[in-house]
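This report refers to the structure that appears directly beneath it.
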Amino acid sequence: MFITFEGGEGCGKSTQAKLLKEYLESKSKKVALTREPGGTEFAEKLREVLLSGEGISDPLTEFLLLSVARRDHVINFIKPKLMDGEVVISDRFIDSSFVYQGYLKELPLNVIEQITGLSIGDFMPDITLFLNIDPGISMKRVLENRQVQTYYDKKDISFHTKINDSFLDLAKKYKSRIKVIDASGSQEEVFERIKNVIDEKTE
């Protein structure tokens, strides 16, 4: 099973992904935790370029770099793990491209779909967990907890509100795959909601 976490900056994806890994391992499942951009040595190098924002002239250039990283990630990490019977959990995947390069930077969605088809075919997550939280709360977390802020962290609240709204639009479009999780409350409360969704999916 391939599970992805999506959401805006500071929504708690990384924390919840780790908690889900621990939970599934407690049920005797082998679990691989990864992230995008990144997940392989080559893709992690591209991650540094992408998150700095330096030298990236337009949304298409950014998405092409992401697609190269994603293809390497899928071919050399995700698919081999799935073939070995492991559950793979990724902090971000294709939906982040639809939101960040598509909705936010206005790269046509059909261009994203076409390039994605060329790079990874029809490979998609089995389930995507979108952590829905008020951007004001999530950005407060970022400012308090991150020692080094990324290019996206430095954007204003309207930018982050658009991110959240765009993920909600995607969730309506792909409602059979994308599950909206209320990410307000404590880590334990949020994880309980995630656990209920995953338990239902794996029964």
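Take the sequence shown: its position 69, counting from 1, is numbered 68 in numbering that gives the first Met the number 0, and each next residue is one higher.
The C-beta atom is built at its ideal place from N, Cα and C for all residues, glycine as well.
> How is the alpha helix (DSSP H) around Lys17 delimited, first residue to last?
Replying inline: One-based indexing of the sequence shown puts residue 17 at position 18. Residue range Lys12 to Ser25 is occupied by the alpha helix (DSSP H) that includes Lys17.
> For Ala182, which of helix, strand or coil comes out of DSSP?
Replying inline: The count along the sequence shown starts at 1 and reaches residue 182 at position 183. In this structure, Ala182 counts as coil in the three-state DSSP scheme.
> Alpha carbon to alpha carbon, what distance is there between Gly7 and Leu50?
Replying inline: Taking the first residue of the sequence shown as position 1, residue 50 is located at position 51. Taking the first residue of the sequence shown as position 1, residue 7 is located at position 8. Looking at the two C-alpha atoms, the distance is approximately 14 Å.
>> Taking the beta carbon of Ile156 as the centre, do at least 16 other beta carbons fall within 10 Å, making it buried, or is it exposed?
In response: Taking the first residue of the sequence shown as 1, we reach residue 156 at position 157. Of the other Cβ atoms in all chains shown, fewer than 16 fall within 10 Å of the Cβ of Ile156; this residue is therefore exposed.
>> Can you tell me whether Glu187 is helix, strand or coil according to DSSP?
In response: The count along the sequence shown starts at 1 and reaches residue 187 at position 188. In this structure, Glu187 counts as helix in the three-state DSSP scheme.
>> For Pro124, which residues in the same chain have their Cβ closer than 7 Å to its Cβ, ignoring the five residues on either side in sequence?
In response: Walking along the sequence shown from the start, residue 124 turns up at place 125. Contacts found: Phe1, Ile2, Thr3, Phe92 and Arg176.
> Just how far apart, CA to CA, sit Lys29 and Ile77?
Replying inline: For the purposes of this step, residue 29 is identified with residue 30 of the sequence shown, where counting begins at 1. For the purposes of this step, residue 77 is identified with residue 78 of the sequence shown, where counting begins at 1. Spanning the two alpha carbons is a distance of roughly 13 Å.
> Can you tell me whether Glu117 is buried or exposed, with buried defined as 16 or more other CB within 10 angstroms of its CB?
Replying inline: As a working mapping, residue 117 is identified with position 118 in the sequence shown. It is Leu, not Glu, that sits at residue 117 in the sequence shown. It is exposed - the Cβ of Leu117 has fewer than 16 other Cβ atoms within 10 Å.
>> Only counting the same chain, and skipping five residues up and downstream in sequence, which positions put a Cβ closer than 6 Å to that of Ser165?
In response: The count along the sequence shown starts at 1 and reaches residue 165 at position 166. Counting only Cβ-Cβ distances below 6 Å, and skipping sequence neighbours, we find Val98 and Tyr102.
> Quick one: what's Ile119 bridged to in DSSP?
Replying inline: Within the sequence shown, residue 119 is the residue found at index 120, counting from 1. In the DSSP output, where bridge partners are listed per residue, Ile119 has none listed.
> Could you give the distance in angstroms between the alpha-carbon of Phe23 and the alpha-carbon of Phe41?
Replying inline: To locate residue 23, count along the sequence shown from 1; it is residue 24. To locate residue 41, count along the sequence shown from 1; it is residue 42. Reading off the sequence, residue 23 comes out as Leu, not Phe. Looking at the two C-alpha atoms, the distance is approximately 28 Å.
>> Need the endpoints of the alpha helix (DSSP H) that Ile156 sits in, please.
In response: As a working note, residue 156 is residue 157 in the sequence shown. Counting along the chain, the alpha helix (DSSP H) containing Ile156 begins and ends at Ile156 to Lys172.
> So Lys178 and Ile126 are in contact, right, with Cβ under 8 Å, and what is the actual spacing, rounded?
Replying inline: Residue 178 sits at position 179 when you count from the first residue of the sequence shown. Residue 126 sits at position 127 when you count from the first residue of the sequence shown. Contact flag correct, Cβ pair sits at about 6 Å.
> Is it true that the CB of Gly11 sits closer than 8 Å to the CB of Leu167?
Replying inline: As a working mapping, residue 167 is identified with position 168 in the sequence shown. As a working mapping, residue 11 is identified with position 12 in the sequence shown. For Leu167 and Gly11, no; Cβs fall outside 8 Å.
> What are the start and end residues of each continuous beta strand (DSSP E) run of 3 or more residues lying completely inside the region 55 to 97, in chain order?
Replying inline: 86 to 90
>> If you reduce the DSSP assignment to three classes, tell me which class Gly176 lands in.
In response: To locate residue 176, count along the sequence shown from 1; it is residue 177. For clarity, residue 176 is Arg in the given sequence; the question names Gly instead. Arg176: coil per DSSP, three-state reduction.
> Do you know offhand how far Phe122's Cα is from Asp198's?
Replying inline: As a position in the sequence shown, residue 122 is number 123, starting the count at 1. As a position in the sequence shown, residue 198 is number 199, starting the count at 1. Taking the straight line from one Cα to the other gives about 23 Å.
>> Looking only at its chain, what residues have a beta carbon closer than 8 Å to the beta carbon of Ile193, apart from the 5 residues adjacent to it on each side?
In response: Indexing the sequence shown from 1 puts residue 193 at position 194. Excluding positions up to five away in sequence, the list reads Gln15, Leu18, Leu19, Leu128 and Ile180.
> Looking at the structure shown, is Thr201 part of a helix, part of a strand, or coil, going by DSSP?
Replying inline: As a working mapping, residue 201 is identified with position 202 in the sequence shown. DSSP places Thr201 in helix when its eight states are reduced to three.
>> If you reduce the DSSP assignment to three classes, tell me which class Glu35 lands in.
In response: As a working mapping, residue 35 is identified with position 36 in the sequence shown. Looking at Glu35 - three-state DSSP - the assignment turns out to be coil, as it is neither helix nor strand.
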